[in-house]
Each structure stands twice: as structure tokens, then as C-alpha cells.
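Under this note's numbering, think of the first position of the sequence shown as 380, with each following residue one higher.
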Amino acid sequence: LCQECGQFHLLLDNHLYNFQEEVDDELICHICLQPLLQPMDTPCGHTYCFKCLENFMQEYSFCPMDRKKLSFQQCHKSSLLVRNLLDKLVVLCPFQEECQQTMQRCELEAHLHNRCPGFKKYKSELQRKKSPISKGKEDAPARGETHPPRDAEVPAGGSSLVAESSGAAVVALGTAEPGLVNPAFEETEEDLPHRTSLVAETTTIEIHREDPEEELGMRIVGGKDTPLGNIVVQEVLRDSVVAADGRIAPGDHILEVNGVNISSVTHCQAVSFLRHPGPVLHLLVLQEKGFSSKSAQQDATAANREVIHVTLVKRDRSEPLGIKLIRKTDEAGIFILDLLEGGLAAKNGKLSRNDRVLSINGQDLRQGTPEAAAQIIQSTESRVNFVILRQPGVQLPEAAEDGSTSSSTSSSSSSSTGGSPVHPRRRLDHNHYRRRSNFQKEKTVAIKKEPKESLGITIGGGRDNKNKLPIYVTSVQPIGCLFRDGRIKRGDVLLSINGIDLTHLNYYEAVSALKSNAASHSVTLKALEIISLNCPEPSLDIREQGFSWSPLWITWLGLPSSLHFCQDIVLTKGNLESWGFSIVGGFEESKGNQPFFIKTIVPGTPAFRDRKLRCGDEIVAVNGVPAIGMSNSELIPMLKEQRNRVTLTVVSWPGSLV
């Protein structure tokens, strides 16, 4: 919560105010469409907020209004008269439930700290929430390096992950790691000894927040309701809590939040878990560490595998888990042959036939025996922590029906690098994954208004945006004709105003089009309304109420293809390199067509060094050949055929902010 304006907004954003009356257009910033803050005048006679102009000038060298050449150094503070007029604008106290006072804008900060009962109540609640931090810090020396026991409640269907283990579980995966497109070496005899292994590591990370409600500052993609399966970090924002900690990076998979398994939850559920306020956040993450030199071994035959953590809790030491373990003649390690009906493992539902056991309670069993595993299990008093490697779709015959639900990434479609049947190219159908659109309702809103009456909305997106988004509504202000009309809502994608197409405009062009057309007696807006049938947006999260609001990542997946902005990314590599990214998705008999997504980007590879691809990006085409309708086993060979250069056509959607 901002201590000056009493509202939630990003640290670098302007303050937010609730004005009692509509503000004269002459006092409005033509960048943010809000009353000016710290007004700055340009030599060409226009006035903008200091922060708005500063941010704009970092990318452009012209005035937003008339596009005349401009540098920030040429601009200066507005006159004292203008600043005084702005300071005297009457605003409402943001804590309307406890305080109905009005005051001049310049008096709001003093009112909050000295007279406002609502702000006083907020501060006392904040202090109460902070108190456990102090207590924890006092007790820290007595605990040493160990974590306090956590009895976090695990939701139905979720299992607690390995959070107590202080040693990170290091797993060496083959080059064909989940869907990994890795033609690093041709399949020749002389190259086989030089194969490398992909190393992934699980780490427990504690994030401390002085303000329990402060956002973490990262964007996430994925969820069990998408082909990505796991929750993946797409971006870490500068100057955020997570950035200051420095241990979480784009591409990390978040497996657990405060003792709760989120490796098999929907995208919206994961957002809710990560947005939940608290002074300390315990995260279990899987981090790619890149390729390590290693002679070819049995692990390198694994394709499309996923590291999964499962904890079973015994009532006493003698209680059996109900698991049959075996060794295979053609592959090292221990595998689950069967789960006994009614047993603890079967009731838990997270282990599956043919899972390979990598470790139990932190003890490495990659080269172990069933007898060694049984001894560890029998000697454990209560919690048995499994780290397993799973290959979706490779189940024993009698377990084939369980393949769709047994894995957190079972919705992923991926194939081995050789020997898989290639499905014939299929005609596109209208039940395509993407076409089950969240944007169900196109609407036309025609309203009559006074010429000086503003629309009363703020917008985001624009084709100059990093993600090339269409224009969407970020807020509908209590003043203005659209709030009174009630049909335009936050999240609506604006298609046109009075017949002027908005879908190809950048942000500033859209602002100009909206302002110029709002000056008429009648306005006709065409918009797409977001209807999220399976993913209601977390409505209680007050941090999402400000101008920094944007739709959840999963919402953009339903955007009609006519509004996609595709970009070409060209990757180049040497003969002995991998492209360095993994893909999931594609056509499956049981699920139909699904988009292809970038799931992981491996450190030190061409995709990583290029820095244009991001986890969650959708691959639309490879070298101009459309990917829609292909199976995973069709697309992977196509990528493998590209020896030194490939052009990926992708659509990039911003991850959900947590």
C-alpha cells in the first residue's frame, strides 16, 4: 500500500486518486489519461506526468502528441500556477468504508497519517501480520539452519513435496528431457561417446517480505489445464522481492508453495497460492542447470520425462506403502511395478506404474536396488519422500487408461526422438484447443454523451508493447459515461471506436483515437468481453485493482488468431550444439489439437543466449511451415533437420503477475 496515496500500485507507477468530480481535460496527461502528477512541459507546448514522460522517452525520441523530435532534457517543470491547480483538485479518501472525508489532493497524505481511521486500521492489521517475523528472527539462533516443522494443510488431491530435505536433489536427465529438441549430435557412432546430460536440481527457497501483501514480482505460465503442465517462471521483474533475493530465474518450475504441491493444479489455483499474503514464503523449485559432460548412459534414452515429488505419510514405522518395486534388464535403477489396491500409495494416487525412483528421503537410488529402497522405507518413522522420473504415456498395458491423469504433465504431448509413429497431417478442426476461446462475446456499445464528458477508462496493451498485445481495458473509473452505461468492463479487448480499428495501433495511437472520438455527442465501441468459464479470476486480490492490472496468462490463450501478433525468432548454432529448448503440446488422439509451447530453455544454449524466446511462448510455425495440426512426433524431427539455423514464428503472451 502506498503511504502517500493510500492505494495499491507498483513502486514505479504514478499515485492513484479517486477524484470527486471529473477533471478538466486541460489538466489530463495524454499518456496515462489521468490528472497530471509532477507535470512536465515540452518545448512544443504539451504537458505530461513526469513518470509517464520519462518512461516514454526511454523508448522514443518524439513528443507523444505531435511526434516532433524531443529529448527529456529539453522538458521542464510546469508553472507553479498549474501545479497549484492540480494540488487543489478534490479527492475522496481511499478508505471509503471507514472514512468519507474529501480533501485537496495535496492534503491526502497528511490526512492518511494523522486523521484517517481506515488507514490507522490498515496499519494496525499490518503490524499484527508482521509480528511473527520478529518472533521468528529472535528464535532463529536456537534453530540453527533447520526449518521449523510445517503442518500445512494439503488440499484434496494435492500431496506435500520434499520440503524438509536440506540437500538438493540433483537429477541428471538425458538429452531428450521433457520434449527437449536437442539435435546436438547426429546419431552416428563417433558422436555417441560425447553425449551430454541435462542436469536439473530441486531447491527450497525462502522469500521474506516486510510487507506480507507485497507482490513477489514474477510472471508465471503453465498449469495442469494447459499443455505445459507444471507452473513455470516466465519473467522476474526488476526491483521486485524475488529479484532482490536473486535465486529464482526465468525457466524455473515451481513445485511447492508453503508445503502445498502445486505441480498438478490449474493455472488459476497456482496464481491464488502465490498471491496469498504472508511474511515468509517457502518455495520448492526445479531449476535447469544446463548440460554437463558425461559419457552415454541409460538415462540418455529417456524422452519426455518429468521429475515429480511425492510424500507418503505412514501412521507408524511398520505400516506398508503397498508398492511393488522391480529392476529392469535394459535400464538401470528401480521402477514401480504395481500399487496394491487399498494401500497407502494407491490411496494417495500420485505414484504410477513404471515410475522410476530417483531417491527416497534424499538417498540417491538411481543405481540402487529394490532391497535398498525397501530398507529405507521400512526404517522411516513417518514421512517417505519420493523423487521419481515419469514418462507420460509410457505405462504398463493394464495402466494405459490412467495415463491421462497420473502425471502433472499428462496433458503434455511429446515423443521420443526416434521410433515413434508419425501421425499423418490432420485437417484443422474447430475444436482446436485455442478455439475454445475465453473471448466468447463480441459486443457493440453505442452511447450518447456530452462532448466534454470523458469515457472514464484506462487502457493497456498496444502493438508497441513488449508482448504486442491488443488494446484492453484496465479500469473503468467511477466518473465517465462508460461507468454509467455499465456494459464495458475491465478486461474487455477494444476492437474499434466509431469505426476506427484499434487492433493494430500502438498504445499512444490508441489513446489519441479514444480521446479524439470521445469529444463527439455519440460513441460506438466494439469490444470482446472476456468470459473465463473454468478460471474465475481471483477477485479478492486488492493488488489487482490498480492501473497495473492485466489479464491472467491463461486468458490470452483464448484470444482469436486474428488478434495474434506473430514474430519471427532466428536461432543459429554450431554443429555440436543443441537448440536448447523443450516443447510440449501438439495433436493427440484423446485431446485433439493443442498449441505447442516452449516449456524449458536450457542455460548456456543458443535459445538461452538469444534471450528472445521465453517459457510459455507458443510456436506457430517452423521455417514458415504452420505447426497447427502437427503431432509432437512430427514437429521434433522437423526441428532436428535444421542443422545450424532455424526460424521460429511465435506468439508471446505475458505471464500472470504474482
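We put the beta carbon where it would ideally sit given N, CA and C, even for glycine.
- Query: Relative to the C-alpha of Leu715, which residue among Gly722, Leu723, Gly721 and Ile705 is closest?
  - Reply: Strictly speaking, residue 715 in this sequence is Ile, with Leu absent from that position. Closest by alpha carbon: Ile705.
- Query: In the segment 980–1014, which residue ranges form an unbroken beta strand (DSSP E) of at least 3 residues, counting only runs that do not cross its ends?
  - Reply: DSSP runs (the beta strand (DSSP E)) wholly in the segment 980–1014: 997–1001.
- Item | Pick from Ser901, Arg863 and Gly840 that is closest to Thr853, judged by C-alpha positions | Nearest C-alpha to Thr853: Gly840.
- Item | For Asp604, three-class secondary structure by DSSP | If DSSP states are grouped into helix, strand and coil, Asp604 belongs with coil.
- C-alpha distance - Ala1006 paired with Asn896, whole-angstrom precision: Rounded to the nearest angstrom, the two C-alpha atoms are 40 angstroms apart.
- Item | For Gly701, the nearest candidate out of Asp695, Leu723 and Leu487 (CA to CA) | Taking only the C-alpha atoms, the option nearest Gly701 is Leu723.
- Query: For Ser875, which residues of its own chain have a beta-carbon under 6 angstroms away from its beta-carbon, when the five flanking residues on both sides are left out?
  - Reply: These residues qualify, in order along the chain: Leu881 and Lys905.
- Could you give the distance in angstroms between the alpha-carbon of Pro699 and the alpha-carbon of Leu665? Between Pro699 and Leu665, the C-alpha separation is close to 29 angstroms.
- Query: Do Lys668 and Pro974 come within 9 angstroms of each other at the CB atom, strictly closer than that value?
  - Reply: Going by C-beta atoms, Pro974 is not nearer than 9 angstroms to Lys668.
- Task: Please look up how many angstroms separate the CB atoms of Val600 and Cys994, rounded, as I've assumed it's under 8 angstroms.
- Result: Their Cβ separation, rounded to whole angstroms, is 6 angstroms, which keeps Val600 and Cys994 in contact under 8 angstroms.
- Just reading off the alpha helix (DSSP H) that Met436 is part of, what are its end residues? From DSSP, the alpha helix (DSSP H) with Met436 extends over Phe429 to Met436.
- Just list the beta strand (DSSP E) runs in the segment 693–754, keeping only unbroken ones of 3 residues or longer that don't cross its boundaries, in chain order. The qualifying runs are 702–706, 713–718 and 735–739.
- Return helix, strand or coil for Pro1016, following the three-state DSSP convention. Looking at Pro1016 - three-state DSSP - the assignment turns out to be helix.
- Query: Quick one, are the C-beta atoms of Val659 and Ile755 less than 9 angstroms apart?
  - Reply: Cβ distance not < 9 angstroms, so Val659 and Ile755 don't count as in contact.
- Name the DSSP bridge partner or partners of Pro473? The partner list for Pro473 (beta bridge, DSSP) is empty, contrary to what the question assumes.
- Message: Rounded to whole angstroms, what is the Cα-Cα separation between Asn954 and Arg1022?
- Response: Their Cα atoms are separated by approximately 7 angstroms.
- Message: Quick check on DSSP: helix, strand or coil for Pro496?
- Response: Correct three-state label for Pro496: helix.
- For my contact list, Val855 and Gly835 are in at a C-beta cut-off of 8 angstroms; report their separation, rounded to the angstrom. Correct: roughly 6 angstroms between the Cβ atoms.
- Task: Entirely within the segment 819–891 and at least 3 residues each: give me those beta strand (DSSP E) ranges in chain order.
- Result: DSSP runs (the beta strand (DSSP E)) wholly in the segment 819–891: 836–841, 848–855 and 872–876.
- Straight-line gap, Gln613 to Ala889 (C-alpha atoms, nearest Å): Going from the Cα of Gln613 to the Cα of Ala889 covers about 28 angstroms.
- Query: Is DSSP giving Lys366 helix, strand or coil here?
  - Reply: Outside the shown range of the chain, which is 380 to 1037, sits residue 366, and nothing can be said about it.
- Grouping DSSP H, G and I as helix and E and B as strand, with all else coil, what is Ser785? Note that Ser785 has pLDDT 28, beneath the 50 cutoff, so the model's placement of it is unreliable and no number is given.
- Leu719 burial status per 10 Å Cβ neighbour count (16 or more: buried): Answer is exposed; the Cβ neighbour count stays below 16.
- Same chain, Cβ closer than 7 angstroms to Cys442, neighbours up to 5 away in sequence not counted: Apart from the 5 residues on each side of it in sequence, Cys442 sits with its Cβ closer than 7 angstroms to the Cβ of Thr421, Cys423, His425 and Leu449 in its chain, given in chain order.
- Task: Report the rounded CA-to-CA distance for Lys991 versus Val1025, giving the unit in angstroms.
- Result: Taking the straight line joining both Cα atoms gives about 14 angstroms.
- C-alpha distance - Lys499 paired with Arg507, whole-angstrom precision: Our two residues, Lys499 and Arg507, have alpha carbons roughly 12 angstroms apart in a direct line.
- Message: Just to confirm the assignment, what range does the beta strand (DSSP E) spanning Ala906 have?
- Response: First-last of the beta strand (DSSP E) with Ala906: Ser901 to Ile909.
- Any chance you could list the alpha helix (DSSP H) runs of at least 4 consecutive residues sitting entirely within the segment 596–660, in chain order? If we require 4 residues or more, the alpha helix (DSSP H) runs fully inside the segment 596–660 come out as 620–624 and 646–654.
- Message: I need the DSSP call for Ser758, collapsed to helix, strand or coil.
- Response: Look at Ser758 here: in three-state DSSP terms it is helix.
- Exposed or buried, which one is Gln479 when buried takes at least 16 other CB atoms within 10 Å? Its Cβ having fewer than 16 others within 10 Å, Gln479 is exposed.
- Whole-angstrom Cβ separation of Ser738 and Lys693, contact assumed at under 8 angstroms? Actually they do not touch by this definition, with Cβ atoms about 18 angstroms apart.
- Item | Rounded separation between Gly798 and Pro1016 - CA only | Because the pLDDT of Gly798 is 31, which lies under 50, any placement of that residue in the model is unreliable, and the question is left without a value.
- Going by C-alpha distance, which of Asp631, Thr605 and Lys603 is nearest Val615? Selected option, being the one with the closest Cα: Asp631.
- My understanding is that Phe944 touches Lys847, with C-beta atoms under 8 angstroms, so please give their C-beta distance in whole angstroms. Between Lys847 and Phe944 the Cβ distance is about 3 angstroms, and since that is below 8 angstroms, they are a contact.
- According to DSSP, what are the bridge partners of Lys1058? Because the chain spans 380 through 1037 in this model, residue 1058 falls outside it and cannot be assessed.
- Which residue comes first and which comes last in the beta strand (DSSP E) that contains Asp404? Looking at the DSSP string, Asp404 is not in any beta strand (DSSP E), and its letter there is neither H nor E.
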